[in-house]
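A.B. asks:
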DNA sequence: TATTCTTGCTTAAACGTTTAATCAGAGCAT
DNA sequence: ATGCTCTGATTAAACGTTTAAGCAAGAATA
């Protein structure tokens, strides 16, 4: 920067003003500075700027257990939204216990992040950490900033199954202590309606008895008359699908299987999974927007309160709708009259739904 | 920091020296400074330090397509290794084309990263970007810093299948232009040996003809006498497994299916996938270590060359072994005499192999 | 014509470290 | 006693920005 100033015979401050458009600089000079800057390949030192302004232009991203297959979607969406807003994203993995989460948050703070996005571990409540925080969890969690409307997604899926004619469905969750999963289950029940009989299986409980990775006994459930298995995550859906197939039960002609989240494999397995997708791009945009609103001094806020608020930020809307994606793993029950075991049932698009 | 100095009646420089152990400070004073520092809850400003030293303590992580399900493993391992070494990790997603990758690298440079880890897009050669770079790709790629020994992994898997008695196996890859996949395929062929007949199917080519997500026609292949399907990624293995199951072909009693990478679902599906795992923790440690060696001024290097090298760094070893994980999706061919369709074949641990 | 306002720029301080250079005093040998 | 070295601290500059304050000259106002 001083090189530009010297080359043009002006002061460094003027160059700064010219480039930022802040002070009073003549239009011609601004042009000359711009030209010289790009001529010299000038890149501002964000470090120095950070030191002076106290803002680093970096956001932190804290993720619960990183093994979570949703992670790529989240990280990508957040990184994209942040980088569009001119921010960098520092990741921190709170793998392990709550202590690790706290420690990860601490590391981010030391690095001087301007704010952070936290996808909290189950049952964690984020204390005021000293910088703006956007929490992505579920609308029913207090302190939530923005998230997918898991309940709504469940209800869409429930309606889909009810409309197909299913009257006895098994809901499959992993952990009863997850807010997200409980919301999804609640939505499913509501969507299925009162006349549909349903039962809930928590995989964690089954595994506590029979060991990790044990069979879930879904074939028996099918024999008991369950015609649909609605898992609350694609991973569980995949587990259900393969277990049923292995037991010789046809999907979807004998039973239907559905998942949640539209993870990478959902479209690839046979039959492709009917699932529900969250709009992470929108969620990330809202979270980042809320964060930035808290970070950057608002034009109007000349009335004293120039302080950056340090708690959980709030968004305009706290829930964004999910999107039902109908593929080949769902069909009407008892459709097995003419099962074609060697080719998946062809795609039957339905108005208003995404089919892929 | 100046608060500490004032409280103890010494200069700020002395405090700095005391805490860093650099200059000449009396042991008692060091203790007093330490005490006062923690009493006042002093946290050094990494921003200021960065400005002064020119090093930010931040590494960049550039990932090819972030939808890649391996991403969580990589990100977790890198973040862990970096944070153990006292570095933060800034992510950059080179989603999309090569231009996006270049642009992502640029953003990281602007933010002043001290070095970066790049998992390059297929066919990309990383130009000298102006900071140390660790490339994680495959040993056969020029410029590779460290990676899993994909060829060795393939060869382990090949031997496993050959020992089980398979004599005709179909190798399944996604894209013929991937170095990683070609290495894996090469290893597989070598491990299978000359007396095993094998054919290679590239999914991209099949889909170019029949459309994305089309059936791969594996049932026909089974009828042609293939008794094993060795995919070069777990995603393809999953695709193969479900397609075969759906066609009524028993895995593993009729045909075996194997994958690569031990992704999250591999242990969860029925039958659980036999696969090969890379030791990302070690790879990440080596990559970060190599990077740091290039970044931090070596004690011996008093001989002029104090410059930080700006090219691809090299590691002590460029390949770390993969680990065969035998689960239930592989068995001897024609073992279908006594198939138990309703329960997966029980785990049969083999010496020297991991079974889970 | 004298005063104030506005414009366009410069000066200087500040952000919180690190580090080279300096310096006062103590111990020691001459 | 005088010069030398070693120790433990201090001073001051520097990193590259931003920004409040100052200032000279021209424009507008009285």
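Chains as they are written, first to last, in my numbering: chain P, 1 to 356; chain Y, 1001 to 1356. All C-beta atoms in this analysis are idealised placements derived from N, C-alpha and C, irrespective of residue type, glycine included.
#1: What does DSSP give as the partner residue(s) for residue 323/P in the beta ladder?
#2: Counting beta carbon pairs with one atom in the segment 244 to 259 of chain P and one in the segment 1207 to 1221 of chain Y, are three or more of them shorter than 8 Å?
#3: Leaving out five residues on either side along the sequence, give the residues of the same chain with a beta carbon under 7 Å from the beta carbon of residue 4/P.
#4: Are the beta-carbon atoms of residue 1238/Y and residue 1202/Y separated by less than 8 Å?
#5: Mind pulling the chain Y residues with CB within less than 8 Å of residue 197/P?
#6: Of all the residues that make up the segment 254 to 285 of chain P, which are near chain Y by a beta-carbon distance shorter than 9 Å?
#7: Assess, as a yes-or-no matter, whether the segment 186 to 200 of chain P is touched by the segment 146 to 161 of chain P under the definition of 3 or more beta carbon pairs within less than 8 Å.
#8: Mapping DSSP to helix, strand and coil, what is residue 1197/Y?
#9: Does any CB atom of chain P fall closer than 8 Å to the CB of residue 1310/Y?
#10: Looking only at its chain, what residues have a beta carbon closer than 6 Å to the beta carbon of residue 1069/Y, apart from the 5 residues adjacent to it on each side?
#11: Span of the alpha helix (DSSP H) holding residue 216/P?
#12: So the candidates are 1168/Y, 1048/Y, 1090/Y and 1120/Y; which of them puts its Cα closest to the Cα of residue 1137/Y?
#13: For residue 1140/Y, which residues of its own chain have a beta-carbon under 7 Å away from its beta-carbon, when the five flanking residues on both sides are left out?
#14: Beta carbon of residue 273/P, beta carbon of residue 1111/Y: below 8 Å?
#15: Within this structure, are the beta carbons of residue 1325/Y and residue 1114/Y separated by less than 8 Å?
#16: Shortest alpha-carbon distance to residue 328/P belongs to which of 25/P, 275/P and 317/P?
#17: Just tell me which of 1175/Y, 1170/Y and 1013/Y has its CA closest to the CA of residue 1198/Y.
#18: The beta strand (DSSP E) spanning residue 1116/Y covers which residue range?
#19: In the structure shown, what three-state DSSP assignment does residue 312/P receive?
#20: Give me, in chain order, the residues of the same chain whose beta-carbon lies closer than 7 Å to that of residue 1025/Y; leave out the 5 immediate sequence neighbours on both sides.
#21: Just the C-alpha distance for residue 259/P and residue 165/P, rounded to the nearest angstrom, thanks.
#22: Between the alpha carbons of residue 1023/Y and residue 1011/Y, how many angstroms are there, rounded?
#23: Taking the alpha carbon of residue 232/P as the point to measure from, which residue in 217/P, 248/P, 189/P and 311/P has its own alpha carbon closest?
#24: Hey, is residue 37/P's beta-carbon within less than 8 Å of any beta-carbon in chain Y?
#25: Does chain Y have any CB closer than 8 Å to the CB of residue 48/P?
#26: Looking at the secondary structure, which residues open and close the alpha helix (DSSP H) in which residue 173/P lies?
#27: Can you find a CB in chain Y that lies within less than 8 Å of the CB of residue 80/P?
#28: Quick one: Cα of residue 1175/Y to Cα of residue 48/P, how far?
#29: Is it the case that the Cβ atoms of residue 1284/Y and residue 1077/Y are separated by a distance below 8 Å?
#30: Just by C-beta distance, which residues in the segment 108 to 126 of chain P are closer than 7 Å to chain Y?
#31: Chain P beta carbons: is any one of them nearer than 8 Å to that of residue 1083/Y?
#32: Between the segment 1315 to 1325 of chain Y and the segment 1142 to 1152 of chain Y, do three or more beta carbon pairs fall short of 8 Å?
#33: Quick one: residues in its chain with C-beta nearer than 8 Å to the C-beta of residue 98/P, no 5 flanking neighbours on either side, listed in chain order?
#34: Would residue 93/P pass as a contact of residue 63/P if the rule is Cβ separation under 8 Å?
#35: So residue 132/P and residue 282/P are in contact, right, with Cβ under 8 Å, and what is the actual spacing, rounded?
#36: Tell me, please, whether the CB atom of residue 43/P is closer than 8 Å to any CB atom in chain Y?
C.D. replies: Result, derived from the coordinates:
#1: Reading the first chain from its first residue, position 323 is the one you call residue 323/P. DSSP lists 277/P as partners of residue 323/P.
#2: Contact between the segment 1207 to 1221 of chain Y and the segment 244 to 259 of chain P is absent, because fewer than three Cβ pairs lie under 8 Å.
#3: As a working note, residue 4/P is residue 4 in the first chain. Only 15, 33, 36, 37, 40 and 42 meet the Cβ criterion.
#4: Along the second chain, one-based indexing puts residue 1238/Y at 238. Along the second chain, one-based indexing puts residue 1202/Y at 202. Not a contact, by the Cβ cut-off of 8 Å.
#5: Looking up residue 197/P in the first chain gives position 197. Close partners of residue 197/P in chain Y (Cβ separation under 8 Å) are lacking, with about 25 Å as the shortest Cβ gap.
#6: If the cut-off is 9 Å between Cβ atoms, the segment 254 to 285 of chain P has 263, 264, 265, 267, 268, 269, 270, 271 and 272 near chain Y.
#7: Touching, per the Cβ criterion.
#8: Mapped onto the second chain, residue 1197/Y falls at position 197. Here residue 1197/Y sits in strand by DSSP.
#9: Here residue 1310/Y refers to the residue found at position 310 when the second chain is read from its first residue. With 8 Å as the cut-off, residue 1310/Y does not count as an interface residue toward chain P.
#10: In the second chain, counting from the first residue as 1, residue 1069/Y sits at position 69. Excluding sequence neighbours, residue 1069/Y sits near 1263.
#11: One-based indexing of the first chain puts residue 216/P at position 216. Premise fails: residue 216/P is in no alpha helix (DSSP H) and is neither H nor E.
#12: Sequence index remark: in the second chain, residue 1137/Y carries index 137 (1-based). Taking the Cα of residue 1137/Y as reference, the smallest distance to any Cα among 1168/Y, 1048/Y, 1090/Y and 1120/Y is reached at 1120/Y.
#13: The count along the second chain starts at 1 and reaches residue 1140/Y at position 140. Hits under 7 Å: 1179 and 1183.
#14: Looking up residue 273/P in the first chain gives position 273. Looking up residue 1111/Y in the second chain gives position 111. In this structure, residue 1111/Y does not lie closer than 8 Å to residue 273/P by Cβ.
#15: For the purposes of this step, residue 1325/Y is identified with residue 325 of the second chain, where counting begins at 1. For the purposes of this step, residue 1114/Y is identified with residue 114 of the second chain, where counting begins at 1. Remark: C-beta atoms of residue 1325/Y and residue 1114/Y do not approach each other more closely than 8 Å.
#16: For the purposes of this step, residue 328/P is taken as the residue at position 328 of the first chain. That would be 275/P, whose Cα lies nearest to the Cα of residue 328/P.
#17: Position 198 of the second chain, counted from the start, is the residue given in the question as residue 1198/Y. Answer by Cα proximity: 1170/Y.
#18: For the purposes of this step, residue 1116/Y is taken as the residue at position 116 of the second chain. For residue 1116/Y, the uninterrupted beta strand (DSSP E) segment begins and ends at 1115 to 1118.
#19: Within the first chain, the letter at position 312 stands for residue 312/P. DSSP places residue 312/P in strand when its eight states are reduced to three.
#20: Here residue 1025/Y is taken as the residue at index 25 of the second chain, counted from 1. Apart from sequence neighbours up to five positions away, the residues of its chain that approach residue 1025/Y with a beta-carbon distance below 7 Å are 1014, 1017 and 1018, ordered along the chain.
#21: Looking up residue 259/P in the first chain gives position 259. Looking up residue 165/P in the first chain gives position 165. Residue 259/P and residue 165/P have their C-alpha atoms some 18 Å from each other.
#22: Mapped onto the second chain, residue 1023/Y falls at position 23. Mapped onto the second chain, residue 1011/Y falls at position 11. If you take the alpha carbons of residue 1023/Y and residue 1011/Y, they lie about 13 Å apart.
#23: Within the first chain, the letter at position 232 stands for residue 232/P. Put simply, of 217/P, 248/P, 189/P and 311/P the residue whose alpha carbon is nearest the alpha carbon of residue 232/P is 189/P.
#24: Counted from its first residue, the first chain places residue 37/P at position 37. Chain Y, which has no Cβ nearer than 8 Å to the Cβ of residue 37/P, makes this no.
#25: Working through the first chain from its first residue, we reach residue 48/P at position 48. So, interface residue.
#26: One-based indexing of the first chain puts residue 173/P at position 173. Looking at the DSSP string, residue 173/P is not in any alpha helix (DSSP H); the run it does join, the beta strand (DSSP E), is 168 to 173.
#27: In the first chain, the residue the question calls residue 80/P occupies position 80. Chain Y, which has a Cβ nearer than 8 Å to the Cβ of residue 80/P, makes this yes.
#28: Reading the second chain from its first residue, position 175 is the one you call residue 1175/Y. Reading the first chain from its first residue, position 48 is the one you call residue 48/P. Each residue's alpha carbon lies about 45 Å from the other.
#29: As a first step, residue 1284/Y is located in the second chain; it is residue number 284 there, counting from the start. As a first step, residue 1077/Y is located in the second chain; it is residue number 77 there, counting from the start. Between residue 1284/Y and residue 1077/Y, the gap from beta carbon to beta carbon is short of 8 Å.
#30: Against chain Y - using a Cβ distance shorter than 7 Å - the residues of the segment 108 to 126 of chain P are 110, 111 and 112.
#31: Looking up residue 1083/Y in the second chain gives position 83. True, the Cβ-Cβ gap to chain P drops below 8 Å.
#32: Pairwise C-beta distances place the segment 1315 to 1325 of chain Y in contact with the segment 1142 to 1152 of chain Y, as three or more of them are shorter than 8 Å.
#33: Locating residue 98/P in the first chain gives position 98, where the first residue counts as 1. Annotation for residue 98/P: 121 and 124 place their beta carbon closer than 8 Å to its own, counting only its chain and skipping 5 residues before and after.
#34: Residue mapping note: residue 93/P aligns to position 93 of the first chain, counting from 1. Residue mapping note: residue 63/P aligns to position 63 of the first chain, counting from 1. In contact: residue 93/P and residue 63/P (Cβ atoms closer than 8 Å).
#35: On the first chain, position 132 is the one that residue 132/P refers to. On the first chain, position 282 is the one that residue 282/P refers to. Taking the Cβ atoms as the reference, residue 132/P lies roughly 20 Å from residue 282/P, outside the contact range of under 8 Å.
#36: Position 43 of the first chain, counted from the start, is the residue given in the question as residue 43/P. True, the Cβ-Cβ gap to chain Y drops below 8 Å.
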